Amino acid sequence: MTLAEIENGRVASLAEIAAATGDEIETLRVKYVGRNGSIPALIKAMKDVPKEERPAFGKAVQAWKAQVEAALAAKGAGGAAEKRVEADLTLPGNWREPGVEHPLSRVIKDTARIFGHLGFTVADGPELENRFNNFTALNTPAHHPSMDRSDTFWFGDDCLLRTQTSPVQIRTMMTNKPPVRVICPGRTFRRDTTDATHSANFHQIEGLYVDTKPVSLADLKSVLSYFAREMMGDGVTVRFRPHFFPFTEPSVEVDFTCHVCKGKGCRVCKDSGWIEVAGAGMVDPRVFGFVGYDADEVSGYAFGFGVERVAMIKYGIPDIRWLYENDVRFLSQFA
Ligand code: PHE
């Protein structure tokens, strides 16, 4: 490398840049001052120039570099302005659909609103529970099959993923004096094999009303019928069937008329015309004993229903798994 070569290079590069248009400007920027360009290569090679000649070479190369950068900048190299002019403005843009509320969130919100009109507030409880809140205080006999390791996710002897939202009844009564009127939406967990109607992780909404005034099964029926109409529309009919739960006596199961066949019988309701939605009943006096309420002074009802069930009936969703797969084609229908 000689000073004359540097000078020739400088003159040639400035002429090239002066004549360049469009994409050529970027190509020249890369060629001369890019990371592997010829000017950085000269700077790197400077260490091989004899010491006494180095200052003169250094000065010449730096001057070249400054002039090339100035010439490129004058042409708008790397600038957004140049690129914008070149962009094809007729290309389609990047579409971003606004997000929508998940159907499960919608059902939970609607439920809170409907029961809010009846004076219920929303209570909360943890998903990790102890044996007392999830089973014992709910009057579940020790050795009940629901406590089995094949049905419940246990972590040691006294810690489990709640199998129902009913432990929130216990928490609410242990920390509040009657009257209480709460609903509790939340996640629940059971060792179920996933299929079209089962999931190991699902949601329930628990309800609890306890008062020092007498509360009756008729109150429970009227409240759940009101809820059914508000949630599903006027066409729905509600049926109560006798059942058994350890923590309510008497207990009922609650069915809504099938949304698909309107009660005539079809594949979805297994030809019965009804779909089971909730369990409910009058709180068993033994439960009041566990939470320190005087069973002679108070009475109340509790209910618990499956959020997925309600969503599936309300929106005609045939497979519970659709609710968890986050397929945008499914979710965007709830916009
Ligand atoms: N926890 C019960 C279940 O999961 C439902 C229920 C709630 C029944 C409250 C009665 C009262 O099946």
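The numbering of the sequence shown is the numbering used here, which starts it at 41 and goes up by one. In this text, a Cβ means the ideal position worked out from N, Cα and C, and glycines have one as well. Values in this document were obtained by computation on a predicted structure and should not be read as measured data.
Query	Result
Residue ranges of each beta strand (DSSP E) within the segment 277-333, 3 or longer	278-285, 288-297 and 314-323
Helix, strand or coil at ALA121 [DSSP, three-state]	In this prediction, ALA121 scores a pLDDT of 48, lower than 50, which makes its location untrustworthy; the coordinate-derived value is nonetheless stated afterwards. Of the three classes helix, strand and coil, the one that applies to ALA121 here is helix, per DSSP.
Contact test: GLY176 Cβ vs ligand 1 heavy atom, cutoff 7 Å	This sequence places Thr at residue 176; Gly is not what is there. Flag unset: Cβ of THR176 not near ligand 1.
Close-in-space but distant-in-sequence residues of the same chain around VAL140 (CB under 7 Å, 5 per side omitted)	LEU371, SER372, PHE374 and ALA375
C-alpha gap between ASP367 and PRO282, whole angstroms	39 Å
Closest residue to GLU270 among LEU248, ALA236, PHE155 and GLU365 (Cα-Cα distance)	PHE155
SER256: CB within 7 Å of a non-hydrogen atom of ligand 1	no
Backbone CA spacing between LEU82 and ARG136 [nearest angstrom]	48 Å
TYR376, DSSP secondary structure in three states	Beyond the ends of the chain as shown, which are 41 and 375, falls residue 376; an answer cannot be given.
Same chain only: Cβ atoms within 8 Å of PHE285, ignoring 5 sequence neighbours per side	SER291, GLY319 and GLY321
Interface flag, ALA335 vs chain B, CB-CB below 8 Å	Absent from the structure: chain B. Only one protein chain is present.
Alpha-carbon to alpha-carbon, ALA114 and ASP63	15 Å
For ALA58 and LYS87, the rounded distance between their alpha carbons	31 Å
Closest Cα partner of VAL300 within the set PHE328, TYR355 and ALA335	TYR355
Coarse secondary structure for THR203, derived from DSSP in three states	coil
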